[in-house]
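Enquirer: So that you can map any letter, position 48 of the sequence shown is 394 in my numbering, and since no number is skipped, the others follow by simple counting.
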Amino acid sequence: AMPLTTKVPLVAMVKGDANCLNVAAASILAKVSRDHYMEELDRQYPQYGFAKHKGYGTKAHLEAIAKYGPIPHVHRKSFAPIAAYYQKQLSLF
Numbered sequence: 347a348m349p350l351t352t353k354v355p356l357v358a359m360v361k362g363d364a365n366c367l368n369v370a371a372a373s374i375l376a377k378v379s380r381d382h383y384m385e386e387l388d389r390q391y392p393q394y395g396f397a398k399h400k401g402y403g404t405k406a407h408l409e410a411i412a413k414y415g416p417i418p419h420v421h422r423k424s425f426a427p428i429a430a431y432y433q434k435q436l437s438l439f
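Encoded structure:
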């Protein structure tokens, strides 16, 4: 990966959410935003169970992907189970 270059100085923080209120607040906002997105995905694709597993690679999530296939604009092709799914599909031809 290429190194990140910015015009603004950056500071890496180990356990930033425990040591910095700004990082802790941003972490909470990010989680709430992700949870809302997962609830929306669950309404659009109820067979995948996003409201329950929140997009984490749980057994139920992986089983849904195997059964219904990945959602192209949702599932990352770089996620190993998705890459394996596509590789398996390609091997059928």
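Glycine included, each C-beta is placed from N, C-alpha and C at the ideal position. No experiment lies behind these values; they were computed from the predicted model shown.
Alpha carbon to alpha carbon, what distance is there between G362 and P349?
Expert: Straight-line Cα distance between these residues: approximately 21 angstroms.
Enquirer: Taking 8 angstroms as the threshold (C-beta atoms), are Y414 and Y431 in contact?
Expert: Not a contact, by the Cβ cut-off of 8 angstroms.
Enquirer: Round the Cβ separation of N328 and M359 to the nearest angstrom and send it over; I've been treating them as touching at under 8 angstroms.
Expert: Here the chain covers residues 347 to 439 and nothing more, so residue 328 does not appear.
Enquirer: In the structure shown, what three-state DSSP assignment does H407 receive?
Expert: Looking at H407 - three-state DSSP - the assignment turns out to be helix.
Enquirer: Smallest Cα separation from A426: which of A412, L438, F439?
Expert: Out of A412, L438, F439, A412 has the C-alpha closest to the C-alpha of A426.
Enquirer: Does the beta-carbon of F396 have 16 or more other beta-carbons within 10 angstroms, so that it is buried, or is it exposed?
Expert: Under this definition F396 is a buried residue.
Enquirer: Helix, strand or coil for V369 per DSSP?
Expert: In this structure, V369 counts as helix in the three-state DSSP scheme.
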